[in-house]
Amino acid sequence: MAKKKSSTDLIPLLHRMWLIRAFEEKASLLYAERQISGLLHLSIGQEAVAVGVCSLLRRDDYVFGGHRSHGHAIATGADINKLMAEIAGRATGYCGGKGGSMHIVAKETGFITATGIVGGTIPVALGAAFAAKERKRGQLAVVFFGDGAGQAGAFHESLNIASLWHLPVIFVCENNGYAEFTPLSAHTKVERLSRHAKTYEIPASTVDGNDLFAVRVVMARAIEKCRKGKGPVFVECLTHRMRGHYEGDPAKYCELSQLAEWKKKDPIARFARALRGKRLTTSKELEGIEAEARALVEKAAEFALSSPWPAADEVNSMVYEETR
Amino acid sequence: MTYKYSRMLEQTYLEAVRSALAEEMRRDSSVYLFGEDVAVGGPFGATKGLAKEFGTNRVVNTPISEGTVMGLATGAALAGLRPVLEIMFIDFITLAMDQLANHAAKFHYMSGGQLKIPLTIRVQCGITGAMGAHHSQSLEAWLTHVPGLKVLIPASPADAKGLLKSAIRDDNPVVFIEHRGLYWTKAEIPEGDHAVPIGQANVLREGDQITILAIASMVAPALAAGDELARQGISAEVIDLRSVSPLDVKTIVNSVRKTSRAIIVHEAVRQSGIGAEIAALVQEHAFYHLDCPVIRIAAPFAPIPAGTSLESAFLPGKELVVDAARRAMVGR
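Listed in order, the protein sequences are those of chains A and B.
Take the position in the first sequence, starting the count at 1, then add 2; the result is the number in my numbering.
Take the position in the second sequence, starting the count at 1, then add 2; the result is the number in my numbering.
In structure tokens:
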């Protein structure tokens, strides 16, 4: 990667990370105010993984997430108005209010689906990769999941099949060290999931997931391999989630000192510092980026909360696709 | 209902399945087969020869990972292919239920229509050969309880071919259940592109004193019961449901309104079998037409025992249906 990094390449990445951060913080507020209901799993602190991965993808690649996927969808360029409306259960949401936070689908930007089942989209991503391989247009599939998914049977079955069939899929593990309410060490002796990938002969690397540059370097290599038909790649991104498992989780299992440590590694602050260090931006511009992101999110919230609820008879619509 | 076609050919149920797969694969290059051993024909030979004609990239052998393969087939479907996944025994669909029920069945709805899952799942079921509790179950009731799935159980070679074609062409996840006891039954099939619409029951024998509703392996005993009852002066109408989700409620209700008596017979266990759903529907729509309670003939509520003698004690059949019909005629 000898290409010189210019501000025009990198500032949009910062903007996108801020958009995710602002969106998640606003969602949290609306949830606390009971304007959003359901279960909310926020990705505050994990923005560099979402943006680092998705910023390098093609529009026709297939992206899959889990229950903590607002950031993944935003990173593919999803419309935050339709996203906020969906989370708020409104008719103007991406899924007409029927999916909600854990089942976001923004197909128009390539975010195929989230899921409420831990690791559930990993096999589904394999299927999309299979179709991509048959179609021969160089498409690939990317699936995000957490360290908790590493103990699911489907995770291991999927690594095996992806490797065996040489599927163009990139496994992106957001290892934030916690699976629901317990640390990873309470779930497994194998704390680096990239080891599992190697068992199934899939090239794997572990990277600092809070370093946007590092994530992009590793992803660029993975994408190149995948598009050339060289089979699946596993990328483990070490990161932190700054909030509990879900909104409402007091997260007593996290020491306050731990949180303070993590704050120092905040991916947005880090990236901003790096850009300033390279003289690609100024403090004023940085403030402007944050302000713009927050303003867009405010608009999204207004849009969502002023949108109509779905009609009651929508309960029965779209259970089946009408075959033409 | 008879098929009025000038040209018919005789095929076994299994051959009918195979020819439906082959014809659909020729017709539509997005149809792919997945499953354990499908490329070598499978345990019963259902997919024999297909890998040779279409290649092993379209007839794909999978490892023994039903859960993940079901998810994979779902993903391939939403990414533009039209997969047909074979689960070797319906007993193993348990391993795939998460992906089938939580993803395949629900993605279309949860996405507000953005995602489409044109997936067919072929499974083989039923009691033959004393294979025991893990290779003999009939689990259609579990599947009919999942909104978003369609569930078909053909009982004849013609319906096997016609319904499988419809299943593959349907843009929804469809579970296509083949009772292996029927695999070697032979009958006439209309030639040409014979597709049977989903959601239509088939009245095999007309009658006006009692309605016998049957599926799969119980259709032949139901017809035999109809013949026996006729010899005893009782006129039975025998209906092959063949589609259990969606059910052809109209045909069922019209028949019971005519006959005033209903028996449902299935090989699955009695408690919470599809007979229960049908009985509820019948009393909902035809209560005031009934001369006696709806009767369910089914297997006992127990795992399927191994060994031939216990297995035959377990299986419902013609005698139970005849006996139930005679009781129904006197209002019991």
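Every residue, glycine too, gets a C-beta built ideally from N, C-alpha and C.
Label residue i either buried or exposed according to how many other C-beta atoms from any shown protein chain fall within 10 Å of its C-beta, with 16 as the threshold for buried.
i                         : result
tryptophan 144 of chain B : buried
alanine 162 of chain B    : buried
proline 14 of chain A     : exposed
lysine 301 of chain A     : exposed
lysine 230 of chain A     : exposed
aspartate 213 of chain A  : buried
valine 317 of chain A     : exposed
tryptophan 20 of chain A  : buried
lysine 232 of chain A     : exposed
threonine 76 of chain B   : buried
threonine 283 of chain A  : buried
histidine 69 of chain A   : buried
serine 285 of chain A     : exposed
alanine 4 of chain A      : Interpretation of alanine 4 of chain A is limited by its pLDDT of 44, a score under 50 that renders its predicted location unreliable; the figure taken from the coordinates is listed afterwards. Exposed, by the Cβ-count rule.
Out of the options, state which residue places its alpha-carbon closest to the alpha-carbon of residue i.
i                         : options                                   : result
alanine 306 of chain A    : A:Gly67, A:Phe66, A:Ile22 and A:Asn83     : A:Asn83
glutamine 116 of chain B  : B:Gly131, B:Arg29, B:Ala81 and B:Cys127   : B:Ala81
histidine 43 of chain A   : A:Ala93, A:Asp251 and A:Cys56             : A:Asp251
glutamate 182 of chain A  : A:Arg243, A:Gly95 and A:Gly54             : A:Arg243
glutamate 289 of chain A  : A:Glu304, A:Ala271 and A:Lys280           : A:Ala271
glutamate 55 of chain B   : B:Tyr34, B:Ala189 and B:Val71             : B:Tyr34
valine 296 of chain B     : B:Ala326, B:Lys320, B:Pro305 and B:Met90  : B:Ala326
serine 8 of chain A       : A:Val209, A:Ser103 and A:Gly279           : A:Gly279
threonine 122 of chain B  : B:Asp195, B:Ala301 and B:Ser32            : B:Ser32
glycine 112 of chain A    : A:Val237, A:Gly211 and A:Ala77            : A:Ala77
arginine 139 of chain A   : A:Cys228, A:Thr190, A:Gln260 and A:Val220 : A:Cys228
alanine 300 of chain B    : B:Pro318, B:Pro45 and B:Arg329            : B:Pro318
tryptophan 311 of chain A : A:Phe25, A:Ile38, A:Val321 and A:Gly155   : A:Ile38
tyrosine 180 of chain A   : A:Ser57, A:Phe147, A:Arg281 and A:Glu324  : A:Phe147
lysine 152 of chain B     : B:Gly194, B:Arg244 and B:Arg207           : B:Arg244
arginine 20 of chain B    : B:Arg9, B:Met10 and B:Ala41               : B:Ala41
isoleucine 306 of chain B : B:Phe91, B:Ala107, B:Pro85 and B:Met133   : B:Met133
serine 45 of chain A      : A:Phe157, A:Cys256 and A:Asn178           : A:Asn178
Determine whether the Cβ of residue i lies closer than 8 Å to any Cβ atom of chain A.
i                         : result
asparagine 63 of chain B  : no
serine 311 of chain B     : no
alanine 22 of chain B     : no
asparagine 174 of chain B : yes
leucine 11 of chain B     : no
Comparing the C-beta of residue i with each C-beta of chain B, is any distance below 8 Å?
i                        : result
proline 125 of chain A   : yes
methionine 3 of chain A  : Legend: pLDDT at methionine 3 of chain A = 43, less than 50; position of this residue unreliable, value from coordinates given subsequently. Cβ-Cβ to chain B under 8 Å: no for methionine 3 of chain A.
valine 107 of chain A    : yes
methionine 86 of chain A : no
leucine 31 of chain A    : no
alanine 130 of chain A   : yes
threonine 111 of chain A : no
alanine 199 of chain A   : no
serine 39 of chain A     : no
lysine 100 of chain A    : yes
alanine 133 of chain A   : yes
valine 299 of chain A    : no
cysteine 333 of chain A  : Nothing about residue 333 of chain A can be reported from this structure: the residues present for chain A run from 3 to 326 only.
valine 144 of chain A    : no
alanine 156 of chain A   : yes
What did DSSP end up calling residue i once you bin it into helix, strand or coil?
i                            : result
asparagine 204 of chain B    : strand
leucine 240 of chain A       : strand
histidine 74 of chain A      : helix
threonine 208 of chain A     : strand
aspartate 325 of chain B     : helix
glutamate 190 of chain B     : strand
glycine 150 of chain A       : helix
leucine 12 of chain A        : helix
valine 107 of chain A        : coil
isoleucine 66 of chain B     : coil
asparagine 162 of chain A    : helix
cysteine 56 of chain A       : helix
lysine 267 of chain A        : coil
arginine 124 of chain B      : strand
alanine 135 of chain B       : coil
phenylalanine 178 of chain B : strand
arginine 245 of chain A      : coil
serine 196 of chain A        : helix
- If you measure beta-carbon to beta-carbon, which residues of the region 99 to 120 of chain B are closer than 7 Å to chain A? Asp100, Gln101, Asn104, His105, Phe109, His110, Tyr111, Met112, Ser113, Gly114, Gly115, Gln116, Leu117 and Lys118
- Message: Taking beta-carbon pairs under 8 Å, can you tell me which members of the region 141 to 158 of chain B lie near chain A?
- Response: Per Cβ criterion, the list reads Pro149, Gly150 and Lys152.
- Output, in sequence order along the chain, the residues in the region 63 to 88 of chain B whose CB is closer than 8 Å to any CB in chain A. Listed in sequence order: Thr64, Pro65, Ser67, Gly69, Thr70, Val71, Met72, Gly73, Leu74, Ala75, Thr76, Gly77, Ala78, Ala79, Leu80, Ala81, Gly82, Leu83 and Pro85.
- Using a Cβ cut-off of 7 Å, which residues of the region 240 to 271 of chain A contact any Cβ in chain B, in chain order? none
- Task: Compile a chain-ordered list of the residues in the region 42 to 67 of chain A whose CB is closer than 7 Å to at least one CB of chain B.
- Result: Within the region 42 to 67 of chain A, the qualifying residues are Tyr64.
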